[in-house]
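Note that my numbering has the sequence shown beginning at 418, numbered continuously upward. No residue lacks a Cβ here, since even glycine has one placed at the ideal position from N, Cα and C. These numbers come from a predicted model, not from an experiment. Working notes, structure below.
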Amino acid sequence: MCIWRGFTVESSGTMAHMQVHNTLERASVPFVPAVAGRVTMYVCGPTVQSEPHLGHGRSAVSFDVLRRYLEWLGNDVVFVRNV
Numbered sequence: 418m419c420i421w422r423g424f425t426v427e428s429s430g431t432m433a434h435m436q437v438h439n440t441l442e443r444a445s446v447p448f449v450p451a452v453a454g455r456v457t458m459y460v461c462g463p464t465v466q467s468e469p470h471l472g473h474g475r476s477a478v479s480f481d482v483l484r485r486y487l488e489w490l491g492n493d494v495v496f497v498r499n500v
């Protein structure tokens, strides 16, 4: 199931496998944390040059949903966002 470009979630039995788009390989690859059970994320905050718009909120919501999904899978997530 494609949620948005570069992020897909496929279910295989009881185990969910997340894939991300690797721009170097130009292909979807399985997401494997560098340290098993621990995921670190850094997300840039909005660069608002003019009036804020809905796109600024989309970034905040989409990465928060990703963080919550990774935690739901049982990972210890360290999430840092620049504001």
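Q) Start and end of the alpha helix (DSSP H) containing Val478? A) Walking along the sequence shown from the start, residue 478 turns up at place 61. Its alpha helix (DSSP H) spans residues Leu471 to Trp489.
Q. Name the DSSP bridge partner or partners of Ala444?
A. Here residue 444 refers to the residue found at position 27 of the sequence shown. According to DSSP, which records beta bridges pairwise, Ala444 is partnered with Asn439.
(Q) Please state the DSSP three-state secondary structure of Thr464. (A) Looking up residue 464 in the sequence shown gives position 47. Note: Thr464 maps to coil in three-state DSSP.
(Q) Is the beta carbon of Asn439 closer than 8 Å to that of Val449? (A) To locate residue 449, count along the sequence shown from 1; it is residue 32. To locate residue 439, count along the sequence shown from 1; it is residue 22. No; because the gap between Cβ atoms is not below 8 Å, this pair is not in contact.
Q: Please classify Val497: does DSSP put it in a helix, a strand, or coil?
A: As a position in the sequence shown, residue 497 is number 80, starting the count at 1. Residue state, collapsed to three classes: strand.
(Q) Short of 6 Å in beta carbon distance, which residues of its chain neighbour Asn499, apart from the five on each side in sequence? Order them along the chain. (A) In the sequence shown, counting from the first residue as 1, residue 499 sits at position 82. Only Cys461 and Gly462 meet the Cβ criterion.
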